[in-house]
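**Q**
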Amino acid sequence: MKRLQAIQEGIHQHILHVQEQQFFGLLGGGMGNVLLALMANINDFPYSEYIESSYLSKQQLPYKTFSAGTAGINWVYTILYKRGILDKDDYDFLCSDDTDLQEFALSEIKQENYDFLHGALGVAWYLLAKYEEQQHAPFFAAFFAELHNILLTGEEYTIKSKDGKINIGLSHGITSILKFCLQAYKQSVCRQEALLIADAIIRFLMNNRNTDMSYSHFPYVVHTDKKDESSRLAWCYGDLGIGIILLQAAALLDRSDVHEFAVTLLLHSAGRRSPEATGVKDGGLCHGTAGIAYMFQKAHSYVRMPAFSEAAGYWMQQTVDYAITGEDGTITYTMFKGEGNEYTPNRSLLEGSVGVGLAMQSYQSGEFDWDYCIMLND
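Residue numbers are given in the numbering used here: position 295 of the sequence shown equals residue 335, and the series is strictly consecutive.
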């Protein structure tokens with residue numbers, strides 16, 4: 041526990057001593073620092089500098105997406121407003137480009153780009169976080185209509201394939217759409233349409249596991265020719281992310297069959313440990329040990345099974361072991377690049393030390409109040 045605390049403090053020092061922040065995207069840049077500072081109550085964090093610089097940066101950003109662009113930055117402004125760091129006038133000014141985001145999301149969904157990280161869904165996810173009926177109801181009605189058109193077909197509402205494939209990952213595929221629909225249903229936003237799409241995705245997932253499930257129950261993508269494909273243990277793709285979202289769906293929709301399915305899936309995932317069985321090569325949230333530890337901790341908060349708690353502890357220890365301590369006491373994490381077995385330093389929320397810091401914060405506190413940004417919120 042002392043080592044865990046020391047790593048957190050080293051990460052905090054690292055973000056406090058950033059010389060010059062060049063990029064302010066949420067999941068890959070400076071606004072992740074803001075979120076960590078807020079959740080960890082880091083003293084002397086320069087919120088005002090980040091707010092001003094991120095707003096100026098936003099004017100030059102070519103992206104409107106949640107991961108790297110305007111939508112993710114505006115989501116952090118929303119958190120800062122809810123926490124009382126921004127007042128209403130400043131918040132409204134900083135988010136005055138929301139109308140542009142609505143137009144972008146509708147344009148992208150019409151082009152079938154429903155990607156959470158880099159497409160329409162992430163932008164709509166941000167807008168759902170600040171939903172006001174008078175302001176947003178027409179947008180969400182139009183968005184759900186387009187989502188229905190590109191995703192469902194036939195009288196039985198089956199999932200459409202694209203080039204013979206259906207991406208089922210949480211980062212880029214239909215599991216993120218399921219989570220989006222669950223959140224909308226919970227907030228009474230287009231509830232009937234949200235439930236229709238959610239039911240179709242749940243049915244599809246429960247009927248499209250690998251034939252050989254000894255490695256993973258789900259592939260990265262489902263092939264219409266039913267070809268098996270193994271997937272790693274991660275947030276972004278595979279069994280673990282799908283299992284957590286199905287567990288949330290079961291609770292919200294009171295589906296005991298889905299609950300049983302999800303628990304079976306997650307118990308199998310808890311038994312995967314070796315590099316060969318998991319594909320794990322670094323410590324980040326997206327496809328590394330911190331994300332795995334966080335999701336098993338989350339699973340244990342829903343289903344008090346020792347296997348989930350033990351898995352969370354195992355993967356958190358692996359995360360501790362990946363830490364690199366600098367001569368100045370700061371902590372960094374590296375991301376596996378895949379080319380020539382190369383690792384590069386990474387400070388980001390999604391793939392680097394900031395995300396590790398958030399996962400460790402939750403591991404110690406038992407609180408999960410930051411994870412809307414990775415679609416794992418309750």
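All residues carry an ideal CB built from backbone N, CA and C; glycine is no exception.
#1: Which value, in whole angstroms, describes the spacing of the CA atoms of Gly204 and Arg272?
#2: With 16 as the cutoff for other CB atoms within 10 Å, does Arg43 come out buried or exposed?
#3: Can you tell me which of Phe85, Phe106 and Phe64 puts its alpha carbon nearest to the alpha carbon of Leu96?
#4: Expressed to the nearest angstrom, what Euclidean distance is found between the alpha-carbon atoms of Gly380 and Thr374?
#5: Taking Cβ positions, are Leu56 and Ile91 nearer each other than 8 angstroms?
#6: Evaluate Met41 with the Cβ neighbour count: other Cβ atoms within 10 Å of its Cβ, from every protein chain shown; 16 or more gives buried, anything less gives exposed.
#7: Measuring alpha carbon to alpha carbon, tell me which residue in Ile113, Ala182 and His212 is nearest Ala169.
#8: Out of Gln227, Ala240, Ala289 and Ala399, which has the shortest C-alpha to C-alpha gap to Glu195?
#9: Where does Asn247 land, buried or exposed, given buried means 16+ other C-beta within 10 angstroms?
#10: Mind checking Ser33: buried by the 16 CB within 10 Å criterion, or exposed?
#11: Just checking Trp115 against the ligand COA - is the residue's beta carbon closer than 7 angstroms to any of the ligand's heavy atoms?
#12: Is it buried or exposed, Pro102, if we count other Cβ atoms within 10 angstroms and call 16 or more buried?
#13: Which value, in whole angstroms, describes the spacing of the CA atoms of Leu293 and Ala330?
#14: What are the start and end residues of each continuous beta strand (DSSP E) run of 3 or more residues lying completely inside the segment 239 to 303, in chain order?
#15: Who are Thr374's beta bridge partners in DSSP?
#16: Assuming Val74 and Val116 are in contact, meaning their beta carbons sit under 8 angstroms apart, how far apart are those beta carbons, in whole angstroms?
**A** Well, looking at it:
#1: 22 angstroms
#2: So Arg43 counts as exposed.
#3: Phe64
#4: Take the alpha-carbon of Gly380 and the one of Thr374: they are about 15 angstroms apart.
#5: no
#6: exposed
#7: Out of Ile113, Ala182 and His212, Ile113 has the C-alpha closest to the C-alpha of Ala169.
#8: Ala240
#9: exposed
#10: The chain is shown from 41 up to 418; residue 33 falls before or after that span and cannot be answered.
#11: Ligands displayed in this structure: none; no statement on the ligand COA is therefore possible.
#12: exposed
#13: 29 angstroms
#14: 261 to 263
#15: Pro385
#16: 5 angstroms
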